[in-house]
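Just so you know, we're using the numbering used here here: the sequence shown kicks off at 51 and counts up by one. Glycine residues also receive a C-beta, built at the ideal position from the N, C-alpha and C atoms. These figures come from a predicted structure and were not determined experimentally. See structure below.
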Amino acid sequence: MKFKKVAAAAAGIVSLALLTACGGGDGGGNQPASGGSAGSGGGQITLGFSQVGAESGWRTANTKSVQDAAKAAGIDLKFSDAQQKQENQIRAIRSFIQQKVKVIAFSPVVESGWDTVLKEAKTANIPVILTDRAIDSPDKSLYKSFLGSDFVKEGRKAGEWVTKEFASATGDVNIVELQGTTGSAPANDRKQGFAEVIAANPKLKVVASQTGEFTRAKGKEVMEAFLKSQSKIDVLYAHNDDMALGAIEAIQGAGKKPGTDIKIVSIDAVKDGMQALADGKINYIVECNPLLGPQLMDLVKKVAAGEQVPQRIETEETEFDQAKAKEVLPQRQY
């Protein structure tokens, strides 16, 4: 009789263990989990992270940095790809709230429309960190910190290069602009910063400006349209390297020489863009560093522990001309 009772108890323990293991998923339907271990027992921090998508080489490098850093830090990462749609991100954040993660971090697809879901996270006592992109909410209590770049400054740096490059121009300098995703913080801010700087020289004129959605294919498509609609283009300002690379294909397809017939200034400094810069097809690149993972994990640990953190943390970045690109390319991580 004693043997039967012990066997029954052991079977119960095994069953419970199996149920616990099967329940270790993220509970969010299509929201995949990656990095770390399943569950958050033993004091392990669970981080819910919603990424914009995989629209560019920069974004791919950013995702890998976050995933690798979470694994190295022993943080259980619940990762969701929004595929460029705000509704997907809102759904993912609500899924993270239901899963009772310790911290939520996300790179907003667009700047506006986040107050309702972030208030839900606040009510659930789950702190939120913004990465790479900011939001325009007046309620700063909805997130603990922003980690990323100063996009306005990046736009200004691009404008400063154009201003210096064409300082001695006697006639009008026609500029076409490939904007990022409409409504996104980098698109809005990079446009603003560039416009502020070139406004000082009335000869610098943006004759066409349209979104290329941060993708190479759309960059090529829009540049083809610019080349047909504009009789004279002196400069292309692209909000990221992928659009610039697509535009280079369009410029070459039109029988022109990128970097010579049309000067190109871009933002990001991903490896393909840097190679084009070294080859003389792009003239200048302002860096936007995607390797935010280690900084993010340090921030997540502090926020999870209830520590006070700065509301804005900026990454250190630089700019590249052709000579500098050739120098750093062999060691470029992304």
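Practice problem: Determine the closest residue to Ala288 out of Lys306, Gly163, Arg266, with distance taken between C-alpha atoms. | Solution: Locating residue 288 in the sequence shown gives position 238, counting from the first residue. Answer by Cα proximity: Arg266.
Practice problem: Would you decide whether Lys307 is buried or exposed? Buried here means 16 or more other CB atoms lie within 10 Å of its CB. | Solution: Looking up residue 307 in the sequence shown gives position 257. Exposed: under 16 other Cβ atoms inside 10 Å.
Quiz item: What are the partner residues of Asn333, as DSSP defines its beta bridges?
Solution: Taking the first residue of the sequence shown as 1, we reach residue 333 at position 283. None; Asn333 has no bridge partner.
Quiz prompt | Distance between beta carbons of Gln383 and Leu341, contact taken as under 8 Å | solution = The residue given as residue 341 occupies position 291 in the sequence shown. The residue given as residue 383 occupies position 333 in the sequence shown. Right, the Cβ-Cβ distance comes to about 7 Å (below 8 Å), so this counts as a contact.
Practice problem: Measure the C-alpha to C-alpha separation of Gln381 and Thr166 and round it to an integer number of angstroms. | Solution: Against the sequence shown, residue 381 aligns to sequence position 331. Against the sequence shown, residue 166 aligns to sequence position 116. Roughly 44 Å between the two C-alpha positions.
Quiz item: Where does Lys241 sit, in a helix, a strand or coil, going by DSSP?
Solution: If you number the sequence shown from 1, residue 241 lands on position 191. Three-state result, Lys241: helix.
Practice problem: Report the residue ranges of all beta strand (DSSP E) runs contained in full by the stretch 229–281; include only those spanning at least 3 residues, in chain order. | Solution: 254–261
Quiz item: Between which two residues does the alpha helix (DSSP H) harbouring Lys128 extend?
Solution: Locating residue 128 in the sequence shown gives position 78, where the first residue counts as 1. Element bounds for Lys128: not the alpha helix (DSSP H) but the beta strand (DSSP E), 126–131.
Quiz item: If you drop the 5 nearest sequence neighbours on each side, which residues of the same chain put their C-beta closer than 7 Å to that of Thr110?
Solution: As a position in the sequence shown, residue 110 is number 60, starting the count at 1. For Thr110, where only same-chain residues beyond five positions count, the Cβ hits under 7 Å are Ala104.
Practice problem: Please report how far the alpha carbon of Arg206 lies from the alpha carbon of Asn290, in whole angstroms. | Solution: Your numbering for residue 206 matches position 156 in the sequence shown. Your numbering for residue 290 matches position 240 in the sequence shown. The alpha-carbon atoms of Arg206 and Asn290 are separated by roughly 14 Å.
Quiz prompt | Coil, strand or helix - Val378 by DSSP | solution = Position 328 of the sequence shown holds residue 378. Helix at Val378.
Practice problem: Given a cut-off of 8 Å, decide if Ile95 and Val350 are closer than it, judged by their beta-carbon atoms. | Solution: Walking along the sequence shown from the start, residue 350 turns up at place 300. Walking along the sequence shown from the start, residue 95 turns up at place 45. It is a contact, given that the beta carbons lie within the stated cut-off.
Self-check item: Backbone secondary structure at Thr310 - three-state DSSP
Solution: For this step, residue 310 is matched to residue 260 along the sequence shown. Coil at Thr310, not helix or strand.
Exercise. Report the residue from Ala297, Trp108, Val151 whose alpha carbon sits nearest the alpha carbon of Val226.
Key: Residue numbering aside, residue 226 sits at position 176 when the sequence shown is read from its first letter. Comparing Cα positions, the closest option is Ala297.
Quiz item: If we call anything under 8 Å between Cβ atoms a contact, is Phe99 one with Phe156?
Solution: Residue mapping note: residue 99 aligns to position 49 of the sequence shown, counting from 1. Residue mapping note: residue 156 aligns to position 106 of the sequence shown, counting from 1. Cβ distance < 8 Å, so Phe99 and Phe156 count as in contact.
Quiz item: Are Gly209 and Phe244 close, meaning C-beta to C-beta below 8 Å?
Solution: Here residue 209 corresponds to residue number 159 of the sequence shown, with the count starting at 1. Here residue 244 corresponds to residue number 194 of the sequence shown, with the count starting at 1. In contact: Gly209 and Phe244 (Cβ atoms closer than 8 Å).
Practice problem: Quick one: grab the DSSP three-state call for Phe216. | Solution: The residue given as residue 216 occupies position 166 in the sequence shown. Annotated three-state conformation of Phe216 is coil, per DSSP.
Self-check item: Bridge-paired residues (DSSP) for Asp322
Solution: The residue given as residue 322 occupies position 272 in the sequence shown. Note: Asp322 sits in no beta bridge, so no partner.
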